[in-house]
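Peer 1: Under the working numbering, the residues of the sequence shown are numbered 3 to 373, in order. Every residue gets a Cβ at the ideal spot worked out from N, C-alpha and C, and that includes glycine.
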Amino acid sequence: MGLVYILDAETNQRICFLNVSHDEVIRSLFYNKNNDSLITVSVYASDNFSSLKCRTTRIEYIRRGKPDAGFPLFESESLKWPGFVEFDDVNGKVLTYSAQDSIYKVFDLKNYTMLYSISDKNVQEIKISPGIMLLIFTKASGHVPLKILSIEDGTVLKSFNHLLHRNKKVDFIEQFNEKLLVKQENENLQILDVRNSELTEVSRTEFMTPSAFIFLYENQLFLTFRNRTVAVWNFRGELVTSFEDHLLWHPDCNTNNIYITSDQDLIISYCKADSDDSLSEGNAGSINISNILTGKCLAKVKASNSLPVDGCGCSANCGGRSCNSKKRIQASRIRNTVAEALEDITALFYDEERNEIYTGNRLGLVHVWSN
């Protein structure tokens with residue numbers, strides 16, 4: 003990310019830069035709705051960019067152009083790689099990992115107080131779901147040890163071993179409420195209900211390992227992304243939706259270019275443009291809006307639908323293509339501008355209150371799309 007600046011959405015005027023020192027490189031941002039503040043996660047040249055540093059600044063200070071009015075967070079934690087910090091908006095928690103000590107800590111997002119720590123060198127990964135955490139331990143012979151903890155106080159709710167095929171790589175282990183999803187290389191997907199040990203299997207030919215998941219907690223469904231395609235599944239292992247016109251731009255699923263609405267009924271993504279869209283040659287794509295439950299494409303932002311290609315607004319009724327009127331020249335420029343704005347999009351966001359889509363591209367330009 004690097005240099006971050008704040009704009010006023012009403013006036014489009016820059017308010018301030020969020021970087022508070024010249025050698026700060028901001029890696030990520032998190033909006034904390036619990037106290038209306040913005041958290042930055044940064045690295046610094048003075049530290050050879052080796053440690054993550056967190057800082058919180060209230061939105062009211064940012065509006066006044068005072069980004070330095072914030073204060074640092076988690077100063078006691080050593081967050082050198084492969085250490086990390088993860089913000090859990092659903093549960094209102096923060097998870098940190100200090101690699102040098104092999105200690106995980108959970109903090110409250112409301113006041114940043116530490117709630118509890120987990121010290122176990124055999125913990126390989128932690129997955130967070132509403133109300134619970136799944137601890138995945140080092141794989142043993144023929145099984146993987148697992149623990150489910152309460153996210154609030156770290157109480158162990160269940161400990162168990164999940165049987166694995168020997169000598170087969172584990173593609174993923176994911177937790178969604180009481181459901182555990184396990185997939186090994188060239189094996190069926192297993193969906194385990196940890197409450198009653200009921201096991202559902204989905205054929206490896208039907209469910210192939212995706213590059214990313216998005217869980218839809220409101221609908222009890224999950225999205226998978228694989229080879230530019232999106233699919234919706236339920237926890238009975240059934241394919242719910244495949245999309246009719248939603249071929250993603252990035253083959254490896256860059257979730258920065260994907261937005262799910264708060265009602266979890268729409269997906270907005272940066273997609274490959276239609277092959278017959280002559281204005282979307284090269285690096286220009288389209289912004290596709292689809293219904294998650296039906297797979298139908300509801301709307302699309304693309305270069306050729308910004309203005310009619312052949313139409314002409316001059317008084318000569320010239321037919322359009324050979325017209326040199328100012329209106330036609332201006333229309334051509336607008337189409338070119340739209341096509342350029344749809345090139346190499348690296349981030350996408352939808353403002354549900356204002357009904358506006360924001361995109362940013364590799365050149366550092368931000369564009370706003372509205373009706």
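Put SER327 into one of helix, strand or coil per three-state DSSP.
Peer 2: Start at 1 with the first residue of the sequence shown, and residue 327 comes out as number 325. Low confidence applies to SER327: its pLDDT is 48, below 50, so where it sits in the model is not reliable, and the reading given next is rough at best. DSSP places SER327 in coil when its eight states are reduced to three.
Peer 1: Thinking C-alpha only, which one of SER288, SER23 and THR202 is nearest HIS248?
Peer 2: Sequence index remark: in the sequence shown, residue 248 carries index 246 (1-based). Ranking the options by Cα distance to HIS248, first place goes to SER288.
Peer 1: I'd like the list of long-range same chain contacts for ALA275, defined as Cβ closer than 7 Å, with 5 residues on each side in sequence excluded.
Peer 2: Looking up residue 275 in the sequence shown gives position 273. Here the set comprises SER282, ALA286, GLY287, SER288 and LYS304.
Peer 1: Using alpha carbons as the reference points, say which of ASP254, TRP83, GLN222 and VAL234 lies closest to LYS298.
Peer 2: In the sequence shown, counting from the first residue as 1, residue 298 sits at position 296. Minimum Cα distance to LYS298 is reached at VAL234.
Peer 1: Given SER324, which residues of its chain have a CB within under 8 Å of its CB, disregarding the five upstream and five downstream residues?
Peer 2: Taking the first residue of the sequence shown as 1, we reach residue 324 at position 322. Residue placement at SER324 is poorly supported in this model, since its pLDDT is 48, which falls under 50; the coordinates still yield a value, given next. Cβ within range, chain order: n/a, list empty.
Peer 1: For ARG230 and LEU365, I'd like the C-alpha separation in whole angstroms.
Peer 2: Start at 1 with the first residue of the sequence shown, and residue 230 comes out as number 228. Start at 1 with the first residue of the sequence shown, and residue 365 comes out as number 363. The alpha-carbon atoms of ARG230 and LEU365 are separated by roughly 23 Å.
Peer 1: Quick one: measure Cβ to Cβ for LEU350 and ILE260, integer angstroms, because I've assumed they're closer than 8 Å.
Peer 2: Position 348 of the sequence shown, counting from 1, holds the residue named residue 350. Position 258 of the sequence shown, counting from 1, holds the residue named residue 260. Confirmed, Cβ separation roughly 7 Å.
Peer 1: Looking only at C-alpha atoms, which of PHE73, ASN36, ALA11 and ASP49 sits nearest to VAL22?
Peer 2: Looking up residue 22 in the sequence shown gives position 20. Taking only the C-alpha atoms, the option nearest VAL22 is PHE73.
Peer 1: Do you know whose CA, among THR98, LYS123, ARG16 and GLY133, lies nearest THR219's CA?
Peer 2: As a working mapping, residue 219 is identified with position 217 in the sequence shown. Before going on, a small fix: residue 219 reads as Tyr here, not Thr. Among THR98, LYS123, ARG16 and GLY133, the Cα nearest to that of TYR219 is on GLY133.
Peer 1: Assign LEU159 to one of two classes, buried (16 or more other C-beta atoms within 10 Å of its C-beta) or exposed (fewer than that).
Peer 2: Counted from its first residue, the sequence shown places residue 159 at position 157. LEU159 comes out exposed.
Peer 1: Does DSSP classify LYS185 as helix, strand or coil?
Peer 2: Residue mapping note: residue 185 aligns to position 183 of the sequence shown, counting from 1. In this structure, LYS185 counts as strand in the three-state DSSP scheme.
Peer 1: Rounding to the nearest angstrom, what Cα-Cα distance links PRO84 and SER39 in this structure?
Peer 2: Here residue 84 is taken as the residue at index 82 of the sequence shown, counted from 1. Here residue 39 is taken as the residue at index 37 of the sequence shown, counted from 1. Their Cα atoms are separated by approximately 27 Å.
Peer 1: Out of ASP267, THR58, HIS145 and ILE153, state which residue places its alpha-carbon closest to the alpha-carbon of LEU117.
Peer 2: Counted from its first residue, the sequence shown places residue 117 at position 115. If we check each option's Cα against that of LEU117, ILE153 comes out closest.
Peer 1: Do you know whose CA, among ARG65, CYS56, PHE227 and ASN37, lies nearest PHE19's CA?
Peer 2: Within the sequence shown, residue 19 is the residue found at index 17, counting from 1. Checked all of ARG65, CYS56, PHE227 and ASN37; the closest Cα to PHE19 is ARG65.
Peer 1: For LYS302, which of ILE359, GLU342, ASP353 and ASP267 has the nearest alpha-carbon?
Peer 2: Against the sequence shown, residue 302 aligns to sequence position 300. With distances taken between Cα atoms, LYS302 lies closest to ILE359.
Peer 1: Express the C-alpha separation of PHE139 and GLU189 in angstroms, rounding to a whole number.
Peer 2: For the purposes of this step, residue 189 is taken as the residue at position 187 of the sequence shown. For the purposes of this step, residue 139 is taken as the residue at position 137 of the sequence shown. Their Cα atoms are separated by approximately 21 Å.
Peer 1: According to DSSP, which residues form a beta bridge with TYR352?
Peer 2: As a working note, residue 352 is residue 350 in the sequence shown. Note: TYR352 sits in a beta bridge opposite ILE359.
Peer 1: Just to confirm, are ILE128 and TYR114 a CB contact at a threshold of 8 Å?
Peer 2: In the sequence shown, the residue the question calls residue 128 occupies position 126. In the sequence shown, the residue the question calls residue 114 occupies position 112. No, the Cβ-Cβ distance between ILE128 and TYR114 is not below 8 Å.
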